[in-house]
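Step one of this worksheet: look at the structure below.
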Amino acid sequence: MDSNFEWWNNPNSSHAFKLSWISLIITVLAAVGGLATFSLLNSSLMLCYGLENCVDSLSSVVCLWRFYTPGGHNPAMEEILEQREKRASIAISFVLGMLGVAIIAMSMEDFAVGYEEPENTEILYYVSFLSLLVFGVLTVFKFYYAKKLKSASMKKDGICSLIGTTLAGSLFVNTIIIMSTDGDFWWIDPTVAIIAGAVSFAIGLYGVMKPYADGYPLCSPRWWVSSNVSKKGKDSQLVRSTGEQDDNSDNDEEEEDTTNQSRVV
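Residue numbers (the numbering used here): 479 to 743.
This is how it looks when you write it as structure tokens:
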């Protein structure tokens with residue numbers, strides 16, 4: 479029984495990799511469906527839904543790279559995958575920041591336009607309800623895996639899914655209100671969206687600025703491509719790339735040569 483439910487009882491990087499694939503497929507389908515529905519119904523709510531999932535899919539791509547184990551769980555790969563954790567976490571922080579800006583911008587646009595009676599509210603009702611369930615389940619799994627694997631990147635990916643769940647729930651409630659009233663409470667959905675966008679932006683900004691203040695070279699392409707991260711005590715220490723290590727070793731050799739020469743003299 480335990481072996482059959484290992485993906486829940488004892489998840490590993492391979493399970494997280496598969497979860498990231500599932501998340502990517504769902505968010506891409508939701509993005510395409512939202513944008514297609516917008517083109518048919520000219521619904522600004524569905525436009526927001528589609529664009530939000532476009533950005534959300536980026537965090538799933540990052541997690542795919544973080545837990546890249548296409549051949550199944552391989553303990554020998556764990557050290558390499560762990561070295562990607564910090565960069566993946568910061569990359570998803572960028573995604574959260576972009577997601578927050580996009581949500582706030584679209585919500586402000588909704589406020590500027592005001593109430594517009596949507597067509598085919600039944601479609602909005604079923605799409606939002608299905609999204610509430612699907613993204614809710616994804617959120618639970620991501621937070622659970624993040625806790626089990628002690629992964630900040632998976633936790634932030636879970637926050638992306640949580641924001642999607644919040645927006646889907648808001649759209650669902652807003653659609654019910656519109657169907658049962660004359661639209662007097664249309665402002666509920668963009669208000670909730672602005673709050674969710676602000677939270678997303680704040681989390682993303684902190685997730686970027688904190689490591690930058692700690693000395694991580696976020697503007698260095700070399701660090702993103704080849705750097706490793708290890709922890710010593712409570713502080714994170716940046717392990718420089720191979721080229722930089724070679725430079726340091728060369729400097730050390732030059733210093734040793736100089737010292738030896740001085741001793742001879």
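We put the beta carbon where it would ideally sit given N, CA and C, even for glycine.
Item, Value
"Measuring only the C-alpha atoms, how far is Val615 from Leu608?", "11 Å"
"Give me, in chain order, the residues of the same chain whose beta-carbon lies closer than 7 Å to that of Leu610; leave out the 5 immediate sequence neighbours on both sides.", "Thr643, Ala646, Gly647 and Phe650"
"Let me confirm a value: Ile503 is counted as buried when at least 16 other C-beta atoms fall within 10 Å, else exposed. Which label applies?", "exposed"
"Looking only at C-alpha atoms, which of Leu574, Pro668, Asn488 and Glu560 sits nearest to Met586?", "Pro668"
"Alpha carbon to alpha carbon, how far is Phe663 from Gly592?", "11 Å"
"Let me check understanding here. Comparing Cα to Cα, which of Gly636, Ser491 and Ala569 lies closest to Gly549?", "Ser491"
"Could you check if Lys458 is buried or exposed, using at least 16 other CB atoms within 10 Å of its CB as the buried criterion?", "The requested residue 458 is not part of the displayed model; the chain covers only 479 to 743."
"Measure the CB-CB distance between Leu519 and Asn598 and report whether it falls below 8 Å.", "yes"
"Do you know offhand how far Tyr546's Cα is from Val618's?", "21 Å"
"At the level of alpha carbons, what is the spacing between Asn488 and Glu594?", "49 Å"
"According to DSSP, is Asn490 helix, strand or coil?", "coil"
"Would you call the region 523 to 536 and the region 571 to 581 in contact, with 3 or more CB pairs under 8 Å?", "yes"
"For Cys541, which three-state DSSP category applies?", "helix"
"Helix, strand or coil for Asp588? Go by DSSP, reduced to three states.", "helix"
"Which term fits Thr653, buried or exposed, when burial requires 16 or more other beta carbons within 10 angstroms of its beta carbon?", "buried"
"Ignoring anything shorter than 4 residues or poking outside the region 558 to 622, list the alpha helix (DSSP H) runs there in chain order.", "563 to 591"
"On the CB-based measure, 16 or more other CB atoms within 10 Å of its CB, does Asp660 come out buried or exposed?", "exposed"
"What are the start and end residues of the alpha helix (DSSP H) that includes Phe650?", "Ala630 to Ser658"
"Considering only their Cβ atoms, is the gap separating Ile641 from Ser678 smaller than 8 Å?", "yes"
"Start and end of the alpha helix (DSSP H) containing Thr669?", "Ile666 to Ala691"
"First and last residue of the alpha helix (DSSP H) that includes Pro699?", "Pro699 to Ser704"
"Would you mind stating whether Ser571 and Gly685 have Cβ atoms separated by less than 8 Å?", "yes"
"If you run the structure through DSSP and keep just helix, strand and coil, what is Gly528?", "helix"
"Mapping DSSP to helix, strand and coil, what is Phe663?", "coil"
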